[in-house]
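Since the structure comes first, as structure tokens, the remarks are kept for the end.
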Amino acid sequence: MSRERSILLVDGQSFYASVEKAAYPEYKDKPVAVADPERRSGIILAACPIAKAQGVTTASRVF
1 MSRERSILLV
11 DGQSFYASVE
21 KAAYPEYKDK
31 PVAVADPERR
41 SGIILAACPI
51 AKAQGVTTAS
61 RVF
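In this text, residue positions in the sequence shown follow UniProt numbering: the first is 1, and each later residue adds one.
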């Protein structure tokens, strides 16, 4: 008996930034970028489309 196999890929564009915007409605129309809260420097893990339009990119360095 042959069974059809399905593969599902979910790509959450700007996922972590979108989660923060959902949790904090006051950020709705603001640029949001997410980095490690335990460090004062590091890299950006996610940036929303508004932040990306202002030149913020995922994996950019944060100081």
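Just so you know, even glycine gets a beta-carbon here, dropped at the ideal spot from N, CA and C.
Identify which residue in the options has its Cα closest to the Cα of residue i.
i     : options                       : result
Leu45 : Ala22, Ser14 and Ser2         : Ser14
Gly55 : Pro31, Ala35, Glu20 and Ala23 : Pro31
Phe63 : Ala35, Arg5 and Ile50         : Ala35
Leu39 : Arg61, Ala53, Lys52 and Ala23 : Here the sequence assigns Arg to residue 39, which means Leu is not the residue at that position. The candidate whose alpha carbon is nearest that of Arg39 is Arg61.
Ala47 : Gly12, Glu4 and Pro25         : Gly12
Ala17 : Tyr27, Glu4, Gly42 and Arg5   : Tyr27
Ile43 : Ala59, Pro37 and Ser2         : Ala59
With DSSP as the reference, identify every bridge partner of residue i, one or two as the case may be.
i     : result
Gly42 : Val62
Ala33 : Ala47
So residue i and residue j are in contact, right, with Cβ under 8 Å, and what is the actual spacing, rounded?
i     : j     : result
Ala51 : Ala22 : Not quite, the Cβ-Cβ distance comes to about 16 Å (not below 8 Å), so this is no contact.
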